[in-house]
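First to last, the sequence lines map onto chains A, B and C.
So in this note's numbering, spot 38 of the first sequence is number 544, and the numbers just go up one at a time.
So in this note's numbering, spot 226 of the second sequence is number 234, and the numbers just go up one at a time.
So in this note's numbering, spot 122 of the third sequence is number 210, and the numbers just go up one at a time.
From the three backbone atoms N, C-alpha and C, an ideal C-beta is built for every residue, glycine too.
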Amino acid sequence: MGNIDYREAIVLAASALGAGTAMIAGIGPGIGEGYAVGKACESIGRQPESSGAVTRTMFIGCAVAESTGIYALLVALLLMFANPFIGKLS
Amino acid sequence: MQISDFFRGSPDGIDVKGPGVLLSFDIGGLTINLTETIVISWGILLAVTLLLLWLTKDLKTNNISKRQVAAEWIVSTVYGLVDDTMGKHWHSFAPYIAALFTFSITGSLVSMLGLRSVTADFNAPLAWALVTFVLIHGTNIRTHGIGGYLKGYIDPVPVMLPINVLSEVSTPVSMSLCHFGNVVSGMVITSLLYFALSAVTKAVGVAFLTIGVPAVLSLYFDLFSGFMQAFVFIMLTMAYISNADGRNEA
Amino acid sequence: MNLNLDFLTIDVGTILFTLINTLLIFLAFKLILFKRVDAILAKRQQEVSSTYSKADDALAAANSDKEKYAQALAGAKEEAAELISRAEKKAQLEGDLIISEARTEAADVREKAAAATERESVQAKQALQGEITDLAMELAQKIMEKEIDKEDHDRLIEDFMQEIGTEGEQS
Numbered sequence: 507m508g509n510i511d512y513r514e515a516i517v518l519a520a521s522a523l524g525a526g527t528a529m530i531a532g533i534g535p536g537i538g539e540g541y542a543v544g545k546a547c548e549s550i551g552r553q554p555e556s557s558g559a560v561t562r563t564m565f566i567g568c569a570v571a572e573s574t575g576i577y578a579l580l581v582a583l584l585l586m587f588a589n590p591f592i593g594k595l596s
Numbered sequence: 009m010q011i012s013d014f015f016r017g018s019p020d021g022i023d024v025k026g027p028g029v030l031l032s033f034d035i036g037g038l039t040i041n042l043t044e045t046i047v048i049s050w051g052i053l054l055a056v057t058l059l060l061l062w063l064t065k066d067l068k069t070n071n072i073s074k075r076q077v078a079a080e081w082i083v084s085t086v087y088g089l090v091d092d093t094m095g096k097h098w099h100s101f102a103p104y105i106a107a108l109f110t111f112s113i114t115g116s117l118v119s120m121l122g123l124r125s126v127t128a129d130f131n132a133p134l135a136w137a138l139v140t141f142v143l144i145h146g147t148n149i150r151t152h153g154i155g156g157y158l159k160g161y162i163d164p165v166p167v168m169l170p171i172n173v174l175s176e177v178s179t180p181v182s183m184s185l186c187h188f189g190n191v192v193s194g195m196v197i198t199s200l201l202y203f204a205l206s207a208v209t210k211a212v213g214v215a216f217l218t219i220g221v222p223a224v225l226s227l228y229f230d231l232f233s234g235f236m237q238a239f240v241f242i243m244l245t246m247a248y249i250s251n252a253d254g255r256n257e258a
Numbered sequence: 089m090n091l092n093l094d095f096l097t098i099d100v101g102t103i104l105f106t107l108i109n110t111l112l113i114f115l116a117f118k119l120i121l122f123k124r125v126d127a128i129l130a131k132r133q134q135e136v137s138s139t140y141s142k143a144d145d146a147l148a149a150a151n152s153d154k155e156k157y158a159q160a161l162a163g164a165k166e167e168a169a170e171l172i173s174r175a176e177k178k179a180q181l182e183g184d185l186i187i188s189e190a191r192t193e194a195a196d197v198r199e200k201a202a203a204a205t206e207r208e209s210v211q212a213k214q215a216l217q218g219e220i221t222d223l224a225m226e227l228a229q230k231i232m233e234k235e236i237d238k239e240d241h242d243r244l245i246e247d248f249m250q251e252i253g254t255e256g257e258q259s
């Protein structure tokens with residue numbers, strides 16, 4: 507524990523902060539998907555006979571909308587588990 | 009171990025690794041790694057082939073078995089989906105869609121057997137997305153001709169060329185990253201949960217949480233998410249390809 | 089064995105093998121499941137359509153049979169009507185014949201009866217003539233036997249006439 511490189515410590519801390527900050531992107535897909543599901547519920551309420559097609563399209567749309575959140579998650583995971591900056595120190 | 013150890017985390021920490029390499033050899037300067045992904049894919053291939061052989065054993069025209077009902081249901085469902093999404097002239101595309109869906113979902117579900125998900129290796133969805141990419145551009149060239157295809161890149165104004173190229177390249181990247189990210193996030197969250205639960209178990213001394221909770225979570229992340237992502241992947245594949253096909257008016 | 093790839097690596101070997109595996113799984117689906125099920129569906133379709141065409145054939149045959157029977161029935165009715173009319177005609181003819189025969193017979197009988205009556209009356213006349221002759225002879229004898237006056241004469245004639253009358257009534 508005694509032999510710590512302060513440059514490394516700074517990089518690790520910044521990476522952890524970066525990972526946490528990246529996950530702010532989770533807000534966007536959350537709002538977007540909630541809105542999409544709400545609209546889907548509305549349209550199913552209006553036309554219950556087309557619920558199958560609406561649900562299918564909604565899931566596809568949700569999955570696509572989710573991809574930005576997934577990118578943020580991947581960035582966070584990269585920073586945590588496969589940190590690309592640590593190697594740049596030496 | 010004290011409760012405070014739980015908050016501090018275990019001394020080994022947790023690490024999310026890529027697929028393990030079982031064998032590695034060089035062929036003409038190219039390093040071929042025989043990874044877990046490949047071996048598990050072979051297992052899936054074998055299992056699926058045996059399942060299909062069993063499903064299509066002695067088919068009859070009437071007085072059919074439940075097995076044959078299942079086989080016919082699979083075929084007619086895939087045909088219906090492809091016809092609905094891509095139009096009648098893509099009817100013969102159905103086997104590829106069925107294969108892609110099966111490979112994707114089984115690749116995600118092997119994690120329930122304690123193996124590493126095939127789709128948690130970025131290279132597997134990337135390979136499928138590359139197939140889709142090639143099919144999109146092949147279809148585009150076939151319908152518009154090579155000149156019309158190239159003209160599509162400078163569509164409104166020639167300045168748009170880099171943006172158009174970027175948007176074309178981003179299609180497979182986004183498809184594969186989306187699939188990979190979903191599966192790998194499930195994997196990471198499951199391993200985090202196992203880590204936390206084992207820490208709690210060590211602290212309390214009774215293994216009461218490690219039994220039920222991971223199963224429920226695994227049901228969501230493996231079954232639902234795996235199914236959803238496989239479905240989304242085939243839907244996006246069909247939508248992109250039929251979009252490039254000029255025969256569909258939509 | 090503890091060697092791992094990085095969390096997010098692009099590994100050409102894995103991509104290549106995944107492509108090959110995808111191709112193989114696609115071939116498995118195409119050549120095992122879809123080919124066989126398509127074949128069996130086509131066969132079933134064929135069977136169904138052949139069953140339908142067989143049913144159509146049977147229906148057509150039944151319809152033609154029905155028509156034939158209807159024709160046969162109509163023919164039978166005609167035949168029956170013809171038979172009846174023929175029989176009626178024949179009966180009429182026979183009846184006419186019988187009636188005419190009966191008429192001729194009746195005429196015969198009448199003729200014969202008339203002939204017999206004439207003959208009888210001739211016979212009766214002859215018999216009467218014979219009797220008259222006898223009576224005249226008797227009367228002449230009686231006149232010869234005794235003288236009779238005018239009154240006796242008349243009474244004699246009257247008696248005689250009465251005798252004739254009773255005898256004529258008797259014969």
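**Message:** For A/G534, list the residues DSSP reports as bridge partners.
**Reply:** Beta-bridge pairing links A/G534 to no other residue.
**Request:** Would you identify the three-state DSSP class for A/V581, choosing helix, strand or coil?
**Result:** helix
**Request:** Using beta-carbon positions only, say whether A/S573 and B/S182 come within less than 8 Å of one another.
**Result:** yes
**Request:** Please go through the same chain and pick out, in chain order, the residues whose beta-carbon is closer than 6 Å to the beta-carbon of C/L112, but skip the five residues on each side of it.
**Result:** none
**Request:** Would you check if there are 3 or more beta carbon pairs closer than 8 Å linking the stretch 160-174 of chain B to the stretch 122-137 of chain B?
**Result:** Taking a contact to require three or more Cβ pairs closer than 8 Å, the stretch 160-174 of chain B and the stretch 122-137 of chain B do not qualify as touching.
**Request:** Kindly indicate which three-state DSSP category C/F95 falls into: helix, strand or coil?
**Result:** It is coil, neither helix nor strand.
**Request:** Could you work out which residues of chain A lie near C/D94, taking near to mean beta carbons separated by less than 8 Å?
**Result:** A588
**Request:** With distances taken Cα to Cα, identify the nearest neighbour of B/Y202 among B/L185, B/G153, B/V221.
**Result:** The shortest Cα separation from B/Y202 among B/L185, B/G153, B/V221 belongs to B/V221.
**Request:** At 4 residues or longer, and completely inside the stretch 102-146 of chain B: list those alpha helix (DSSP H) runs for me, N to C.
**Result:** 102-117
**Asked** Could one say the Cβ of B/Y104 lies closer than 8 Å to chain C's Cβ atoms, at least one of them?
**Response** yes
**Message:** If the criterion is Cβ atoms closer than 8 Å, does the pair B/M246 and B/T93 meet it?
**Reply:** yes
**Prompt:** Given that a residue counts as buried once 16 or more other Cβ atoms are within 10 Å of its Cβ, and exposed if not, what is B/I249?
**Reply:** Buried: at least 16 other Cβ atoms inside 10 Å.
**Asked** Just reading off the alpha helix (DSSP H) that B/V214 is part of, what are its end residues?
**Response** Unbroken run through B/V214: none, as it is neither H nor E.
**Prompt:** What's the C-alpha gap between C/M89 and B/G28?
**Reply:** Note on C/M89: pLDDT 40, under 50, position unreliable in the model; the coordinate value appears next. Their Cα atoms are separated by approximately 7 Å.
**Asked** I think A/P535 touches A/G575, with their Cβ atoms under 8 Å apart; what is that distance to the nearest whole Å?
**Response** 4 Å
**Asked** Hey, B/W62 and C/N109 are a contact pair by Cβ (cut 8 Å); roughly how many whole angstroms apart?
**Response** Contact check for B/W62 and C/N109: beta-carbon distance about 20 Å, past the 8 Å limit, so the pair fails to qualify.
**Message:** Would you say A/I566 lies against chain B (beta-carbon separation less than 8 Å)?
**Reply:** Chain B contact via Cβ: present.
**Prompt:** From the beta carbon of B/S49, is the nearest beta carbon of chain C less than 8 Å away?
**Reply:** Chain C, which has a Cβ nearer than 8 Å to the Cβ of B/S49, makes this yes.
**Prompt:** Assuming C/I103 contacts B/L134 under a Cβ cut-off of 8 Å, what Cβ separation, rounded to an integer in Å, is found between them?
**Reply:** 6 Å
**Message:** If you follow the alpha helix (DSSP H) that B/I72 is in, where does it begin and where does it stop?
**Reply:** Where B/I72 is concerned, there is no enclosing alpha helix (DSSP H), given that its DSSP letter is neither H nor E.
**Prompt:** DSSP puts B/G28 in a beta bridge; with which residues?
**Reply:** C/N92
**Prompt:** Going straight from the alpha carbon of B/S233 to that of A/M564, what length do you get?
**Reply:** 15 Å
**Prompt:** So which of B/F109, B/G213, B/F188, B/V90 has the shortest CA-CA distance to A/A578?
**Reply:** B/F188
**Request:** Mind the definition here: the stretch 91-107 of chain B touches the stretch 149-167 of chain B only if three or more C-beta pairs lie below 8 Å; say whether that holds.
**Result:** no
**Prompt:** If you check the beta carbons only, do B/S84 and B/V191 fall under 8 Å apart?
**Reply:** For the pair B/S84 and B/V191, the CB atoms are not nearer than the 8 Å cut-off.
**Prompt:** Roughly how far, in whole angstroms, is the beta-carbon of A/A542 from the beta-carbon of A/A569, given that I think they are within contact range, below 8 Å?
**Reply:** At roughly 11 Å, the Cβ-Cβ gap does not stay under 8 Å, so A/A542 and A/A569 are not in contact.
**Three-state class that DSSP yields for B/G155 in the structure shown** = helix
**Asked** Can you name the residues of chain C whose CB is closer than 9 Å to the CB of A/L583?
**Response** Going along chain C in sequence order, the residues near A/L583 (Cβ under 9 Å) are F95, L96.
**Message:** What does the alpha-carbon distance come out to for the pair B/V77 and C/R132?
**Reply:** 14 Å
**Item:** Spatial neighbours of A/S596 in its chain, beta-carbon cut-off 7 Å, leaving aside the 5 residues before and after
**Value:** none
**Message:** Rounded to whole angstroms, what is the Cα-Cα separation between C/A224 and C/A203?
**Reply:** Going by the C-alpha atoms only, they are around 30 Å apart.
**Request:** Determine the DSSP secondary structure at A/L595, reduced to helix, strand or coil.
**Result:** coil
**Alpha carbon of B/M243 to alpha carbon of A/G567, nearest angstrom** = 11 Å
**Prompt:** When the Cα atoms are used, what is the spatial distance from C/S137 to C/A143?
**Reply:** 10 Å
**Item:** For B/D34, the three-state DSSP class (helix, strand or coil)
**Value:** strand
**Asked** So which residues of chain B does C/A116 contact, with C-beta pairs closer than 8 Å?
**Response** L53, V56, T57, L60, A107
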